Each structure stands twice: as C-alpha cells, then as structure tokens.
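Residue numbers (our numbering), protein chains in the order written: chain S, 119 to 495; chain Y, 9 to 98.
Every residue, glycine too, gets a C-beta built ideally from N, C-alpha and C.
Everything numeric in this text was worked out from a predicted model, so none of it was measured.
For reference, the structure discussed in these notes is given below.
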Amino acid sequence: MSTQAPDTIMTFLPMAKEVPEGAGEFQIPSSDQPFVQGAVSTPVGSVPQVATELTAEDKHGHYLVRWNIGRDHFTVEPGLYAVGSPDADSTVFVGANYKMSFDLLRQTLTGRNGWLLILDTKGINVWCAAGKGTFGTEEMLDRIKASRLDKIVTHHSLIVPQLGAPGLAAHEVRKYSGFKVIYGPILLKDLPEFLDNGLQATPAMRSKTFPLQERIVLIPVEIMQGLKQGIPLILFFLLIAGVAGRGSFFRDALVHGLPPGIAVLVGIFSGTVLTPLFLPWLPGRAFSCKGAVAGLALFIPLFAVGTVFFRGYNLLEQISWLLLTLAVSSWLGMAFTGASTFTSLNGVKKEMLRAMPLQFFSLVAGIISWGIALRMH
Amino acid sequence: MIRFQYFEDVVSLEFDEEKCIGCGLCTIVCPHGVFSLTGKHKARMVARNHCMECGACMRNCPAKAITVEAGEGCVRAVINELLGIEGPCC
C-alpha cells in the first residue's frame with residue numbers, strides 16, 4: 119500500500135467505494151439552510167456561518183427523531199461551515215451530517231471561532247457511521263479536498279470525535295492529506311474542557327459509559343420499533359379469537375384475543391422500557407436474559423392483580439400468555455444490544471445463536487397452547 | 009460509575025506485541041480502556057473482555073499490530089448481514 123501514489127490509493131483503502139462524481143471539485147454547503155446566519159470570507163470563497171443557539175424548531179426536530187419520526191432524513195448538507203469568525207489559524211472540528219450531532223456541535227462551540235468540516239454520513243451519527251465506514255478515511259480525504267481546507271487554514275490539524283476512530287485511520291489521513299487527526303473526547307460536553315486544556319483528554323473523557331440518562335433517551339425509539347413488530351401479532355390474536363369463537367366476533371376477540379394481546383404489550387414494555395432502565399441490575403450478561411427477567415418481573419404482579427378476571431380461563435391459556443410475554447421481552451431485550459455501548463459483534467452472534475431458538479420456541483409454544491385452549495372452550 | 013461488561017472470552021481481538029511501536033494511539037481511541045502502555049514503550053491488553061470489536065484500534069494502528077473482526081454488536085445488523093440486505097441499524 120505504501121508504494122501507491124496518493125491519487126490511486128483510494129481504491130486500496132479498506133471499505134473503499136467508488137469516488138463520487140465531482141469529488142475533486144470545490145464544494146461549499148448551501149447558505150439556504152435555517153441555521154446559517156451569515157458568511158465568512160476565505161481565500162477560496164465565502165463559507166456559511168452557523169448560529170450557535172438552537173431554535174425551538176431545532177429542538178422540536180430532536181424530539182421527533184427521538185420518537186423515530188423523520189430519523190432517516192434528519193440531515194444537513196456536508197461540507198465546510200464557520201462558527202464565529204474563524205481565520206487561517208482557527209481549529210477545524212470534524213463532524214457527521216446527522217442534524218442532531220451537527221446541532222449539538224455548533225451549540226457546544228458557542229462563543230468560539232472555528233471551522234466545521236461535516237462529512238456525509240447519510241444522516242447517521244458519528245459512532246454508527248464510523249462502524250459502517252461512511253464516517254471514514256476516504257470521505258474525510260474527499261471532503262478536505264472538496265472544501266479546499268489547505269487553502270483556508272495554515273495549520274494542519276483536525277479535531278475528530280474519538281468515536282469516529284472505528285472508521286478512520288489517522289495515519290492514512292495524514293499521509294494523503296497532510297492533516298493530523300487529533301482525537302477529541304467522546305462526549306461533546308467535554309469538548310470545551312479538552313480545548314481549554316491544550317487538547318488533552320482525561321481518561322474519563324476517553325471512556326464510553328452508559329449512564330441512566332443516556333439509556334432513557336433511547337427508550338422512545340425502542341418502543342416504536344417494538345410496537346412495529348408487536349402490533350401485527352396483537353391483531354393476529356384479536357382476529358383469530360374473533361373468527362374462531364362461537365359467539366359474536368367482538369366478544370370473542372375481547373375475551374380470548376385481548377389477553378394474549380396484553381401479554382405481547384407487557385413483553386414490549388419489559389423489553390423496551392424496563393430493560394434499558396434497569397440494565398445494570400437485571401441478572402445475566404445476555405440481554406435476552408435481562409429482557410426475559412424483566413418480562414417475568416412485570417408479568418407476575420400484573421397476573422396476580424388481574425387474577426379475579428382470569429377465573430374463566432384454563433391453565434393452558436394462562437400459560438400461553440406467560441410464554442408470549444417472555445418471548446417478546448427476551449427478543450426486544452436482546453435487540454437493545456444495538457443501542458448499547460459495550461456489546462461486541464461476536465458476543466451478539468453467540469447470544470443470538472443461543473437465545474433465538476428459545477425465543478422462537480416460547481413464541482410458537484405460546485401461540486399453539488393458546489390455539490388449543492381456544493378449541494377447548 | 010457502573011462499568012458494564014458483556015460475555016467473557018468471546019471477542020476476536022488479537023495483539024502482536026512484536027509489531028507494536030508503542031505509539032499509544034490504541035490507548036487513545038479505545039472507548040473501553042482495553043489497551044495500556046507499559047514502561048517498555050509497548051502497548052498491552054489489560055481489559056480484553058471489555059472489547060466491543062469496534063475496530064478503532066486496528067484501523068488506527070500504524071504498525072498493523074492489532075487484528076479484530078470489527079462490526080456492530082447489534083442484532084439487527086447481524087440479521088441484515090445474514091439476509092444480505094442493507095437495512096437501517098442505528
């Protein structure tokens with residue numbers, strides 16, 4: 119690799135894709151974006167200057183994406199932006215074009231002067247994009263070139279979020295662009311201290327934790343995804359119970375279709391709310407185990423409270439509800455690995471191999487026992 | 009602060025001390041403190057079981073002393089990979 123000329127090296131980089139058309143052309147993001155408040159002139163042209171204060175509209179957008187609404191298109195144009203009144207000596211901060219990440223970066227830089235080099239990560243946050251390679255060496259080299267960064271700043275360093283490192287090779291960026299990558303802290307909240315301490319991060323700033331507050335904000339997206347999978351199952355129970363019963367459709371759907379539907383909802387709530395909330399205290403290292411325990415922990419008191427309503431149901435039907443809750447809560451608990459900050463690919467594969475047969479068995483056994491109980495009535 | 013840990017002895021992380029040039033970048037990029045620099049100007053794995061296989065150390069190691077099967081520890085990503093589809097993960 120080291121023998122290749124810089125111009126041809128792109129094809130040899132890991133995760134290389136075709137160089138996009140016009141990648142070498144000078145590109146500056148559009149000023150026609152709501153957060154652009156002015157322009158800063160540079161030797162190569164004017165660069166849009168962004169506001170550092172977030173508007174109510176920005177915050178409303180953040181709220182919606184937390185509920186999984188519009189999350190696929192929450193982007194800003196990639197390229198170079200200015201914060202404050204930067205000059206040729208000002209720091210360059212690299213970021214992703216997920217609007218949430220971008221907004222929090224410009225807000226963090228309130229009162230400072232700097233350049234924002236925003237990579238095209240297709241609207242994905244830095245860490246996930248780095249895992250996919252879209253926040254990567256090649257995109258960074260393209261973006262440096264397209265922004266004519268070497269004509270705008272005289273120094274040769276870039277502040278890159280530490281969580282961008284899985285997609286980047288710092289030594290390759292330096293080799294092919296001349297820019298030195300300096301890894302900043304994991305969290306934006308530590309960025310001011312990092313800057314004020316002469317670009318030194320404390321060990322705590324370099325360590326990814328997963329505190330309650332971070333787990334809580336993930337819950338709404340988990341709920342939405344859990345409901346997307348669970349609602350068809352709930353409708354299935356209501357429909358089959360209504361059709362299979364001898365009485366009126368609605369009465370049978372209510373009497374025999376609603377309880378398994380509630381069991382599925384209990385599973386969704388356990389897997390998407392209780393599991394993230396109580397993650398450190400739920401037993402087992404496997405998320406599927408944590409999810410199942412959460413499901414059981416919620417099922418038992420609900421069942422005890424509702425026992426007066428369950429007198430007319432036989433044991434088989436009652437068992438089917440438990441199996442359904444456990445299958446759903448374990449599955450969705452396991453799905454939370456994707457949002458967590460410490461699970462590995464091989465660990466998740468191992469867990470899936472062990473847990474999915476059990477989850478599948480629990481779901482199928484739940485549906486079959488429910489079906490048999492339905493026939494017995 | 010709670011320090012989470014997933015399964016033990018499951019990750020594919022390998023480190024070749026012979027190749028290590030002691031630049032210390034792995035200790036900077038790792039979000040879980042897996043590497044530490046020794047007095048002999050070499051890196052050392054001090055918390056291998058905390059590795060999440062993100063690949064940051066491997067990609068940033070100029071000496072190619074680290075190998076890991078990097079990927080996302082995410083159920084949906086694994087299923088998408090198995091089914092060969094490019095679906096959303098995060």
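Measure from the C-beta of residue i to each C-beta in chain Y and report whether the shortest distance is under 9 Å.
i: S480/S; result: no
i: T121/S; result: Confidence is the limiting factor: at T121/S the pLDDT is only 38, short of 50, which leaves the residue's position unreliable, though a coordinate-based value still follows. False, the Cβ-Cβ gap to chain Y never drops below 9 Å.
i: M258/S; result: no
i: V466/S; result: yes
i: R261/S; result: no
i: M128/S; result: Low local confidence applies: a pLDDT of 43 at M128/S is under 50, so the model's placement there is unreliable, and no value is given.
i: P350/S; result: no
i: A248/S; result: yes
i: P196/S; result: no
i: A445/S; result: no
i: P166/S; result: no
i: P321/S; result: yes
i: P124/S; result: Bear in mind that the predicted position of P124/S carries a pLDDT of just 42, short of 50, making it unreliable; the figure below should be weighed with that in mind. Not an interface residue.
i: A134/S; result: In this prediction, A134/S has a pLDDT of 45, which is less than 50 and means its spatial position is unreliable; what the coordinates show is noted afterwards. No - not a single Cβ of chain Y is within 9 Å of the one on A134/S.
Looking at the secondary structure, which residues open and close the beta strand (DSSP E) in which residue i lies?
i: A200/S; result: G197 to V201
i: V426/S; result: Per DSSP, V426/S belongs to no beta strand (DSSP E) and is neither H nor E.
i: T170/S; result: Premise fails: T170/S is in no beta strand (DSSP E) and is neither H nor E.
i: L444/S; result: Looking at the DSSP string, L444/S is not in any beta strand (DSSP E); the run it does join, the alpha helix (DSSP H), is L433 to A453.
i: R52/Y; result: A51 to M53
i: K298/S; result: K298 to G302
i: I236/S; result: G232 to L237
So, is the C-beta of residue i closer than 9 Å to a C-beta in chain S?
i: L15/Y; result: Rather than Leu, the amino acid found at residue 15/Y in this sequence is Phe. Output row for F15/Y: interface = yes.
i: C28/Y; result: no
i: V54/Y; result: no
i: H40/Y; result: yes
i: H58/Y; result: yes
i: A78/Y; result: yes
i: L91/Y; result: no
i: V18/Y; result: yes
i: A64/Y; result: yes
i: E145/Y; result: Here chain Y covers residues 9 to 98 and nothing more, so residue 145/Y does not appear.
i: L33/Y; result: yes
i: E25/Y; result: no
i: V83/Y; result: yes
i: I36/Y; result: yes
i: V86/Y; result: yes
Thinking residue i and residue j are a contact (beta carbons under 8 Å), I'd like their distance in whole angstroms, please.
i: Y216/S; j: V165/S; result: Not really, about 21 Å apart at Cβ, beyond 8 Å.
i: K269/S; j: P161/S; result: 5 Å
i: E469/S; j: F405/S; result: 7 Å
i: A169/S; j: Q155/S; result: 5 Å
i: L444/S; j: S487/S; result: Rounded, the Cβ-Cβ distance is 13 Å, inconsistent with contact.
i: K346/S; j: V86/Y; result: Contact doesn't hold; Cβ gap of about 19 Å is too wide.
Counting along the chain, where does the alpha helix (DSSP H) carrying residue i start and finish?
i: E467/S; result: Note on residue identity: the sequence assigns Lys, not Glu, to residue 467/S. Looking at the DSSP string, the run of the alpha helix (DSSP H) that includes K467/S is L463 to M494.
i: G413/S; result: F405 to V423
i: T327/S; result: Per DSSP, T327/S belongs to no alpha helix (DSSP H) and is neither H nor E.
i: G385/S; result: L376 to F387
i: A206/S; result: No alpha helix (DSSP H) contains A206/S, which DSSP labels as neither H nor E.
i: I270/S; result: L267 to I270
i: S219/S; result: K217 to T226
i: P279/S; result: Looking at the DSSP string, P279/S is not in any alpha helix (DSSP H); the run it does join, the beta strand (DSSP E), is S275 to P279.
i: S295/S; result: A288 to S295
i: F367/S; result: F367 to D370
i: W245/S; result: V244 to K250
Among the options, whose alpha-carbon lies nearest the alpha-carbon of residue i?
i: V244/S; options: R292/S, T173/S and G302/S; result: G302/S
i: L323/S; options: F479/S, F427/S, D308/S and D238/S; result: Correcting the residue type first, residue 323/S is Met in the shown sequence and not Leu. Closest option to M323/S, Cα to Cα, is D308/S.
i: R189/S; options: H180/S, G197/S, P196/S and E195/S; result: H180/S
i: P398/S; options: R261/S, G344/S, A445/S and T459/S; result: T459/S
i: S295/S; options: L306/S, N464/S, H273/S and P378/S; result: H273/S
i: D24/Y; options: E80/Y, I74/Y, G92/Y and D17/Y; result: I74/Y
i: D176/S; options: N186/S, C246/S, Q225/S and L395/S; result: Q225/S
i: E257/S; options: S203/S, L234/S, I386/S and P196/S; result: P196/S
i: A362/S; options: R493/S, P147/S, D207/S and A288/S; result: R493/S
i: E16/Y; options: I300/S, E340/S, Q343/S and N464/S; result: N464/S
i: T390/S; options: I352/S, E290/S, P419/S and G456/S; result: G456/S
i: K240/S; options: F192/S, T255/S, G402/S and R230/S; result: F192/S
Residue i: beta carbon under 8 Å from a heavy atom of the ligand MG?
i: S149/S; result: Among the components modelled here there is no ligand, and therefore nothing to report on the ligand MG.
Which bits of chain C does residue i rub up against, with CB to CB less than 7 Å?
i: I10/Y; result: Going by chain labels, chain C is absent from the structure shown, which instead holds the protein chains S and Y.
Which of the residues in the region 383 to 417 of chain S, read from start to end, lie with their CB under 7 Å from any CB of chain Y?
-> Listed by position along the chain: P398 and R403.
Against chain Y: residues of the region 447 to 476 of chain S by CB proximity under 7 Å = Legend: CB atoms of the region 447 to 476 of chain S lying less than 7 Å from CB atoms of chain Y belong to residues M452, A453, T455, G456, F460, T461, S462, L463, N464, G465, V466, K467, K468 and M470.
Given a limit of 8 Å on CB to CB distance, which residues of the region 284 to 316 of chain S reach chain Y?
-> For the region 284 to 316 of chain S, the set of positions with a beta-carbon nearer than 8 Å to some beta-carbon of chain Y reads P284, G285, L286, A287, A288, H289, Y301 and I304 in chain order.
Taking Cβ-Cβ distances below 8 Å as the criterion, which residues of the region 265 to 282 of chain S are in contact with chain Y?
-> Listed by position along the chain: Q280 and L281.
Give the residues from the region 209 to 243 of chain S that approach chain Y closer than 8 Å (Cβ to any Cβ), ordered along the chain.
-> So the list reads I242 and N243, given in the order they occur along the chain.
Which residues, taken in chain order from the region 325 to 347 of chain S, show a beta carbon closer than 7 Å to some beta carbon of chain Y?
-> Residues passing the 7 Å Cβ filter: S325, K326, T327 and F328.
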